[in-house]
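2 protein chains.
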Amino acid sequence: MDMISALTAFSALSQKTRLEAFRLLVTAGDAGMSAGDIAEALDVRQNTLSANLAVLLQAGLVRNQREGRVIRYFADTDGMRGMLGFLLQDCCGGRPELCQPLIEDLTCGC
Amino acid sequence: MDMISALTAFSALSQKTRLEAFRLLVTAGDAGMSAGDIAEALDVRQNTLSANLAVLLQAGLVRNQREGRVIRYFADTDGMRGMLGFLLQDCCGGRPELCQPLIEDLTCGC
DNA sequence: TCCATAATTCATGACATATGGAAATAAAGA
DNA sequence: TCTTTATTTCCATATGTCATGAATTATGGA
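First to last, the sequence lines map onto chains A and B. Remember, the numbering used here sits 173 above the position in the first sequence when you count from 1. Remember, the numbering used here sits 173 above the position in the second sequence when you count from 1.
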């Protein structure tokens, strides 16, 4: 992940509808969710959500797949990992003692 | 960390100068960096950087401290942890099997 | 073929954000 | 006190972003 990709990813997550949609897809896991279901869950119009999903797609944070009439969206864990790695990489590179407790805190029991 | 704080943090990191400044401060660690040194390192004007540091401050991603004439900035690891936790929390909550490899990948050897 | 459904694309107006110049504040030293 | 240095604040402008309404594409079924 380079600087531009990271900026795109952070920018994508800096908007309420998109952050909510992304979290929804993360919890949905492999099942994913159709664009319509996401729009209904978040109470936003289809075209508004469509534009926001397009931003998440371009940021590499979600994937999609047409299934007949519906288009199903999934969280892209690789994209998420790349973005987080971009931040933590620097932390570890320079100061392992800062990184250690941060990582430990993120394991959140699973 | 709530939704609004997370949005503020992601928004703060979605701008090149701010993301660069934050990474600079992360690697600087406890030593921190003065506003002037950051401005010079990133080749941006002081007033522009000042505005951007104010955004990072408000997002809780950096702290500062006056030392005589200079104002020294530090990365706020608590803020960083809160932001990352906000994303990973959902991942773990719903799907531990998604979270596990993601966490493992983030430990990056330290 | 015709219609209904699902979702996207396009154009527009409203609002927010970033940057630069100039001025202001704060501290240190002569 | 006056000057210099470090940094911030104010203001204007240019740019970017977001949601909306209308039109468009794509699919499935009558």
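Glycine residues also receive a C-beta, built at the ideal position from the N, C-alpha and C atoms.
8 Å Cβ shell around residue i - same chain, five flanking residues per side excluded
i        : result
A/Leu215 : Thr190, Glu193, Ala194, Leu197 and Leu222
B/Arg239 : Arg245
Beta-carbon proximity list for residue i, same chain, < 6 Å, skipping 5 on both sides
i        : result
A/Thr181 : Ala232
A/Asn237 : Ile244 and Tyr246
B/Met150 : In the structure displayed, chain B extends from 174 to 283; residue 150 of chain B sits before or after that span and is not available.
A/Ala208 : Ile244
Exposed unless 16 or more other CB atoms sit within 10 angstroms - verdict on residue i
i        : result
A/Gly252 : buried
B/Met206 : buried
B/Asn220 : exposed
A/Asp249 : buried
A/Ala204 : exposed
A/Ile306 : Outside the displayed span of chain A (174 to 283) sits residue 306 of chain A, for which this structure offers no information.
B/Gly282 : For B/Gly282, the pLDDT reaches just 40, beneath the cut-off of 50, and the residue's location in the model is therefore unreliable, leaving the point undetermined.
Residue i and residue j closer than 8 Å at C-beta
i        : j        : result
A/Ala185 : A/Val243 : no
B/Val235 : B/Leu226 : yes
B/Ala179 : B/Met256 : yes
A/Phe259 : B/Ser187 : no
Spatial neighbours of residue i in its chain, beta-carbon cut-off 7 Å, leaving aside the 5 residues before and after
i        : result
B/Ile161 : Residue coverage of chain B in this structure runs from 174 to 283, which leaves residue 161 of chain B outside it and unanswerable.
A/Val199 : Ala248
Please go through the region 193-267 of chain B and give each complete alpha helix (DSSP H) segment of 4 or more residues, from N-terminal end onward. 208-215, 219-231 and 250-267
Short of 9 Å Cβ to Cβ, which residues in the region 174-186 of chain A face chain B? Met176, Ile177, Ala179, Leu180, Thr181, Ala182, Phe183, Ser184, Ala185 and Leu186
Contacting positions in the region 191-209 of chain A - beta carbon closer than 7 Å to chain B: Leu192, Arg196, Val199, Thr200 and Gly202
Beta carbons nearer than 8 Å to chain B: which residues of the region 249-261 of chain A have them? Thr250, Met253, Arg254, Leu257, Gly258, Leu260 and Leu261
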